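Worksheet for the structure shown next.
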Amino acid sequence: MKQKIIDLFEYRQFPHLLQYVQEDRREALLEQLIDLQEAVYHLDAVLESKWDLTDADFEPHWQSITQAVIDTGVDPAEAPSYLSNIRAYLKHEMFLRDGIGPHQLDLEEYYFYKSCDVKLTRRLIYENSIELQEMMNLDDWRYFDYITEIDDDTADIVEDHDSINGNGVAFYLYAHGHEEAVRILEGFIHSAKAQSQASLAKKPTDRWLTFINSTAERAYYDTSALLGQLKSVLLHQEIEIAENKTIRLVAQAKKLNPELT
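Using our numbering, you'd call the opening residue of the sequence shown number 24 and step up by one each time.
Here it is as structure tokens:
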């Protein structure tokens, strides 16, 4: 799991951000952020473990995540507020149990909250660096996050096929067919790239906007290439999207909620 977390951190440019944290704090903060991400993954594991869940199933994991946030230096009284995006993400995952798939939610909203763990980690690095607070705006990473979350779902489409996991790309393929789904998703990440470029155009000499934009642009081309390879990947793996485990479970749940039809 630690290697998975390190790979995630590297892709999201966290080692670069950590360079702006005071040196004597940097290594300890990195370990605390790894512990936090591990706690988030354990929460995810509960979602993937079974279909019927209650709040009690998640409570020990909320406690672990909250403590991990506090360990980074957050006031215990403020720590619960740091988890609002993760709770929204969990709500979307629980919507699956009611027969509501990601394709029925606003695409931007869905992927905003799906990047909840990334946003939280970046915020904690930011709050541990006076230099970053003076130079960087956290919201400028929004478009990069959209692109990389689409990238994650596209890359994980085979891995997620036989698990309980709300893979937005899989649901779009199922709901719209391959060509239309790729057109929608490609349009979404292209728009994100354009929005990132527009932010830079307003402040062309801003060093952080330049870095974020170049990072988002590279991620866009990588993700676009993955989307272009989807059909051949699914054919090679002999995967029928309609047979995706979560899609089938959502379809069954929807039958129990005819008002959603």
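All residues carry an ideal CB built from backbone N, CA and C; glycine is no exception. Values in this document were obtained by computation on a predicted structure and should not be read as measured data.
With DSSP as the reference, label H184 as helix, strand or coil. coil
With distances taken from CA atoms, which of F118, Q275, H199 and N236 is nearest A217? N236
Mark M158 as exposed unless 16 or more other C-beta atoms lie within 10 angstroms of its C-beta, in which case mark it buried. exposed
Among residues of its own chain, excluding the 5 on either side of D279, which ones have a beta-carbon nearer than 8 Å to its beta-carbon? Per the sequence shown, residue 279 should be read as Leu rather than Asp. Correct list, in chain order: G122.
Can you say whether P125 is buried or exposed, counting buried as having 16 or more other CB atoms within 10 angstroms of its CB? buried
Just list the alpha helix (DSSP H) runs in the region 134-159, keeping only unbroken ones of 4 residues or longer that don't cross its boundaries, in chain order. 139-150 and 153-158
Status (buried if at least 16 other CB within 10 Å, exposed otherwise) for T238: buried
On a Cα-Cα basis, can you pick out the residue from R48, H39, V44 and A62 that is closest to K25? A62
Give the straight-line distance between the Cα atoms of L53 and L59, rounded to the nearest whole angstrom. 10 Å
Check whether the Cβ atoms of S247 and H213 lie closer than 9 Å to each other. yes
Rounding to the nearest angstrom, what Cα-Cα distance links R146 and Y244 in this structure? 26 Å
In this structure, does DSSP put D129 in helix, strand or coil? coil
Under three-state DSSP, which class holds W85? helix
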